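J.: Below is one structure. I have some questions about it.
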Amino acid sequence: MAIGYYLVVSALLFSIGLVGVLLRRNAIVLFMCIELMLNSVNLTLAAAARLWGGPDGQVFVFFVIVVAAAEVVVGLALIVNLYFRRGTLDVDVPQLLRW
Amino acid sequence: MILLAAEASGVANEVVTTTSGVIGLAWLIPVLPLLGFVAVLATTKALGDRAANLALAASAATFALSIAVAVTVITDLATYVRPMPTWIDVGGFTVTFDLLVDQLTAVMLLVVTGVGFLVHVYSVGYMHGDSRYPRFFAYLNLFLASMLILVLGQNLLVLFLGWELVGLSSYLLIGFWFEKREYAAAAKKAFITNRIGDVAFMIAMFLTFATVGTLDILGVVENAEAIASGTAFVLVLLFLGGATAKSAQIPLYVWLPDAMAGPTPVSALIHAATMVTAGVYLLVRLSPVLVQSVPGMEVIAYIGVFTALLAAIIAVRQDDIKKVLAYSTVSQLGFMVLAVGVGAFRESIFHLVTHAFFKGLLFLAAGSVMHAMANRADIWQMGGLRKAMPITFWTALTGWLAISGVPPFAGFFSKDQILTEAYFHGYGFIWITGLIAAILTAFYMSRWFFLIFLGTPRYGDEVHPHESPRSMTIPLIALAVLSTVGGVLLNPVHTGPLYRFLEPTVGPIDDLGYEPYGPLEESVLIPLAIVAAAIGIGLAYLLYLRRPIMGARTSEPIRGPLAELAERRFFVDEAYEAVFVTAGGGLARAMVWFDTRVIDGLVNGAGGGSVLLGRGSRRAQSGLVRRYVAVMVLGVLALLAVLIAQVV
């Protein structure tokens with residue numbers, strides 16, 4: 000089995016996610032792009048686990064999924080609050096934490 | 000008189016270490032007045048003016064004890080060392096508070112405590128009614144304690160302790176009426192001028208320790224002959240530096256005339272009789288070191304004789320009753336210093352003693368006059384006080400005759416012996432100059448005396464001169480007696496009782512190669528000195544007493560450029576002001592500039608630089624999440640690039 004395909008797909012997914020985080024301003028889209036990047040990493044881990052024939056990578060993927068679920072809870076709560084307080088989902092608008 | 004009984008052996012003293020007998024109690028001599036100082040300050044609140052009696056009692060007790068110690072030394076000639084606790088003990092360097100009691104100490108003890116006690120008594124009357132009356136006595140006691148530490152110390156460092164403490168008490172007493180700005184300034188001037196000499200003294204001690212390995216006076220004296228002549232020369236000059244400040248010699252005499260700002264008893268005790276002689280005492284005490292360097296002693300002699308002459312010239316044109324005496328003191332101290340310089344150590348101490356008598360007397364008489372004249376000090380506003388103040392007049396008369404060098408008063412013997420000794424030791428120039436200074440001394444003291452006590456009164460009806468109270472006249476009488484008979488009893492001929500008594504304590508001068516300056520014998524030199532005194536008194540009589548124009552004059556009638564120069568004190572103060580005060584001020588300003596601009600600039604620059612750095616770098620904190628991500632990605636990419644480059 001050629002691991003190269005998995006890695007290429009994974010790299011593509013990661014890059015799409017990264018470009019999305021960098022270029023888009025909508026908080027929901029930003030959030031989804033982050034999920035995309037996480038999942039590209041998961042794909043890499045699963046592929047590598049298969050390659051080496053060990054369980055470590057797959058166990059790690061489960062961890063990532065669990066943490067990502069928790070992160071979604073916090074992240075979506077933040078986004079909802081942002082919308083309630085500022086009436087926008089544009090991440091460039093809140094700039095309180097700056098010089 | 001008691002000294003007459005003493006038969007000096009002519010050989011070196013035997014050193015006796017003892018803690019028993021009268022010598023064992025010698026430590027009480029400085030401690031009693033010190034306790035008096037503390038007690039007066041502590042009880043002033045409770046007792047008020049009566050607290051001063053404690054100081055009076057302390058001075059009397061220490062005087063009595065000093066007599067007992069002196070009698071012990073006279074009856075049993077020896078150098079006594081009274082062991083005391085250790086002060087400093089570091090490595091090979093030990094300083095103890097040991098007391099040194101020998102013939103020289105005995106003489107100094109009697110002078111210091113004797114005149115000190117009389118001045119205490121005098122102050123009861125003079126300072127009566129002053130708002131800080133008890134404090135004055137406390138300070139007087141502090142001074143006595145300091146001076147006695149200075150005289151008794153067996154170690155140069157202990158001597159220096161007393162040296163500094165007399166400077167402190169002098170400062171406190173000159174500025175006793177500190178409400179007047181100029182008085183406070185005079186106190187500061189005295190203190191700062193003395194600091195200059197102190198530095199020389201300290202360096203001298205360092206050099207002594209480096210050369211001899213001890214600061215014990217006995218140890219230094221014992222090893223004096225081992226000091227190389229070059230080192231000895233430097234040492235002598237450094238000790239002289241200390242003495243020029245304390246004993247008011249050129250170039251550091253300027254503080255003494257200003258020190259007259261203090262109450263008159265202080266001028267008598269500290270700035271005439273005792274403290275200012277500390278420099279002379281130091282030089283005589285170290286005379287075994289001095290004789291190692293004849294060139295160094297010659298420097299001392301010339302400093303002394305020029306001081307004697309310069310101060311005498313200035314004194315001729317002073318109109319303040321105390322300023323005349325102040326310059327006279329500088330001049331007489333010049334005589335003592337010149338005596339040390341020409342190898343006449345014992346004559347110097349003799350003059351120190353008689354000077355303490357007659358100059359203390361003259362100052363106290365001046366205080367009595369000022370007391371009677373409602374604190375006026377201008378001698379041109381006086382005159383004819385003979386009738387109003389008979390006791391002051393007669394006592395001042397003896398003081399005047401004594402300082403003028405009229406036989407058989409005390410000053411005649413001491414001054415004459417200094418001058419003949421200078422002649423016999425080959426210093427012709429110093430002898431002649433000293434003789435001129437002696438003529439001037441007789442002249443200005445006669446002027447002082449005539450203008451105050453004789454002639455017709457020149458003061459207005461608003462002043463009612465009266466004789467001073469008994470507490471003031473009794474010390475006057477005591478000192479007048481001493482000024483009259485002191486010379487005859489102590490040392491009527493050159494090799495008299497005091498001369499032989501002091502022999503074991505001073506450096507040997509026999510092998511210094513002194514040759515007489517000329518063929519004259521004492522039988523010619525002594526009449527010459529009397530003629531000098533007569534010339535001075537006669538001139539003053541012609542100029543200030545006989546001339547009828549004097550009657551109504553209230554200012555100096557004789558004018559001229561030289562007189563003007565003397566009146567303005569040769570502009571020495573102004574020159575010092577220009578050179579040291581102005582230059583020192585300039586240096587200080589340059590230092591301030593360097594400190595505030597360069598040093599502070601560096602410190603402030605470091606702070607300012609950090610602020611600027613922070614101001615620039617905080618721009619990175621933009622608050623834009625996406626920019627942080629972008630920067631992070633760039634960073635990761637850079638790291639990756641580095642890693643890959645390393646692998647490849």
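Protein chains in written order, with numbering that gives the first Met the number 0: chain Y, 0 to 98; chain E, 0 to 647.
The beta-carbon is built from N, C-alpha and C at its ideal position, and this holds for glycine as well.
Nothing here was measured: the structure is a model prediction, and the numbers come from that model.
Looking at C-beta atoms only, is the number of pairs between the region 564 to 576 of chain E and the region 309 to 319 of chain E that lie closer than 8 Å three or more?
T.: In short, these stretches touch, since the Cβ pair count reaches three.
J.: Taking CB distances under 9 Å as the criterion, tell me whether V90/Y reaches chain E.
T.: So, interface residue.
J.: Taking 8 Å as the threshold, find out whether the region 209 to 225 of chain E comes into contact with the region 250 to 259 of chain E through three or more Cβ pairs.
T.: Verdict: no, contact absent.
J.: Alpha carbon to alpha carbon, how far is T391/E from T95/E?
T.: Their backbone Cα atoms lie some 46 Å apart in a straight line.
J.: Using DSSP with H/G/I as helix, E/B as strand and the rest coil, what is A7/E?
T.: Model confidence at A7/E stands at a pLDDT of 39, short of 50, so the residue's coordinates are unreliable and nothing is read from them.
J.: Would you mind reading off the limits of the alpha helix (DSSP H) that contains T472/E?
T.: Here the alpha helix (DSSP H) through T472/E covers R469 to L489.
J.: Hey, F442/E and L538/E are a contact pair by Cβ (cut 8 Å); roughly how many whole angstroms apart?
T.: That pair is a contact at about 5 Å.
J.: Within a Cβ cutoff of 8 Å, which residues of the same chain sit near G398/E, ignoring the five residues on either side of it in sequence?
T.: Answer for G398/E: F357, K358, L360, L361, A364, L478, A479 and S482, listed in chain order.
J.: So, are the CB atoms of A184/E and P32/E less than 9 Å apart?
T.: For A184/E and P32/E, no; Cβs fall outside 9 Å.
J.: Could you check whether F411/E and Y513/E sit closer than 9 Å to each other, using their CB atoms as the reference points?
T.: The answer is no: Cβ separation not under 9 Å.
J.: T440/E and D101/E: beta carbons closer than 9 Å?
T.: No; because the gap between Cβ atoms is not below 9 Å, this pair is not in contact.
J.: Report, in whole angstroms, the separation of the C-beta atoms of Y121/E and L172/E, which I expect to be a contact under 8 Å.
T.: Incorrect: roughly 14 Å between the Cβ atoms, too far for contact.
J.: Residues in the region 15 to 38 of chain Y with C-beta within 7 Å of chain E's C-beta atoms, listed in sequence order?
T.: Cβ contacts with chain E: L17, V20 and L21.
J.: Drop a sphere of 10 angstroms on the beta-carbon of E502/E, count the other beta-carbons inside from all chains shown, and report buried for 16 or more, exposed for fewer.
T.: Looking at its Cβ environment, which holds 16 or more other Cβ atoms inside 10 Å, E502/E is buried.
J.: According to the neighbour-count rule (16 or more other Cβ atoms, all chains shown, within 10 Å of its Cβ), is H127/E buried or exposed?
T.: Its Cβ having fewer than 16 others within 10 Å, H127/E is exposed.
J.: Use the C-beta contact count for L12/Y: other C-beta atoms within 10 angstroms, 16 or more gives buried, fewer gives exposed.
T.: With 16 or more other Cβ atoms within 10 Å, it is buried.
J.: Going along chain E, which residues have a C-beta under 8 Å from L96/Y?
T.: Those are Q620 and G622, listed as they occur along chain E.
J.: Just checking: is the beta-carbon of L198/E within a distance shorter than 9 Å of some beta-carbon in chain Y?
T.: Note on identity: in this sequence residue 198/E is Val, with Leu being the wrong assignment. For V198/E, the answer is no, since every Cβ of chain Y falls outside 9 Å of its Cβ.
J.: Could you have a look at D48/E and say whether DSSP puts it in helix, strand or coil?
T.: DSSP places D48/E in helix when its eight states are reduced to three.
J.: So, is S609/E buried or exposed, given that buried needs 16 or more other C-beta atoms within 10 angstroms?
T.: Flag for S609/E reads exposed.
J.: Could you compute how far the alpha carbon of L633/E sits from the alpha carbon of V641/E?
T.: Going from the Cα of L633/E to the Cα of V641/E covers about 12 Å.
J.: Could you work out which residues of chain Y lie near V628/E, taking near to mean beta carbons separated by less than 7 Å?
T.: Per Cβ cutoff of 7 Å: V20 and L21.
J.: Can a CB atom of chain E be found closer than 9 Å to the CB of P93/Y?
T.: For P93/Y, the answer is yes, since a Cβ of chain E falls inside 9 Å of its Cβ.
J.: Kindly list the residues whose CB is nearer than 7 Å to the CB of I269/E, restricted to its own chain and excluding five residues on each side of it in sequence; keep chain order.
T.: So the qualifying residues of the chain are F142, S169 and L172.
J.: Inspect the beta-carbon positions of L217/E and S266/E and report whether they are closer than 9 Å.
T.: No. Outside cutoff.
J.: For R625/E, return the contacting residues in chain Y, with the cut-off set at a CB-CB distance below 9 Å.
T.: Correct list: V20, L21, L22, R23, R24, L29, V90 and D91.
J.: Quick check on the DSSP output: the beta strand (DSSP E) that includes D649/E runs from which residue to which?
T.: Since the displayed chain E opens at 0 and closes at 647, residue 649/E lies outside it and no answer follows.
J.: Just the C-alpha distance for V51/Y and M31/Y, rounded to the nearest angstrom, thanks.
T.: Reading off the sequence shown, one finds Trp at residue 51/Y, where the question assumed Val. So the two alpha carbons sit approximately 30 Å from each other.
J.: So A272/E and V114/E are supposed to be a Cβ contact under 8 Å. How far apart are they, rounded?
T.: About 4 Å; that satisfies the 8 Å criterion.
J.: Could you check if Y627/E is buried or exposed, using at least 16 other CB atoms within 10 Å of its CB as the buried criterion?
T.: Per the 10 Å Cβ criterion, exposed.
J.: Secondary structure at V265/E, three-state DSSP: helix, strand or coil?
T.: Helix, per DSSP.
J.: Going by C-alpha distance, which of A387/E, L638/E and G486/E is nearest T353/E?
T.: The shortest C-alpha separation from T353/E is found at G486/E.
J.: How many whole angstroms separate the CB atoms of L55/E and T42/E, which I take to be in contact at a CB cut-off of 8 Å?
T.: Not a contact, Cβ separation roughly 13 Å.
J.: Assess, as a yes-or-no matter, whether the region 372 to 385 of chain E is touched by the region 328 to 348 of chain E under the definition of 3 or more beta carbon pairs within less than 8 Å.
T.: Judged by Cβ distances under 8 Å, the region 328 to 348 of chain E makes no contact with the region 372 to 385 of chain E, as fewer than three pairs qualify.
J.: What separation, rounded to the nearest whole angstrom, lies between the Cα atoms of R37/Y and L612/E?
T.: Looking at the sequence provided, one finds Leu at residue 37/Y rather than Arg. Their backbone Cα atoms lie some 38 Å apart in a straight line.
J.: Kindly list the residues whose CB is nearer than 8 Å to the CB of V275/E, restricted to its own chain and excluding five residues on each side of it in sequence; keep chain order.
T.: Here the set comprises K245, S246, A247, L255, I269, T328 and L332.
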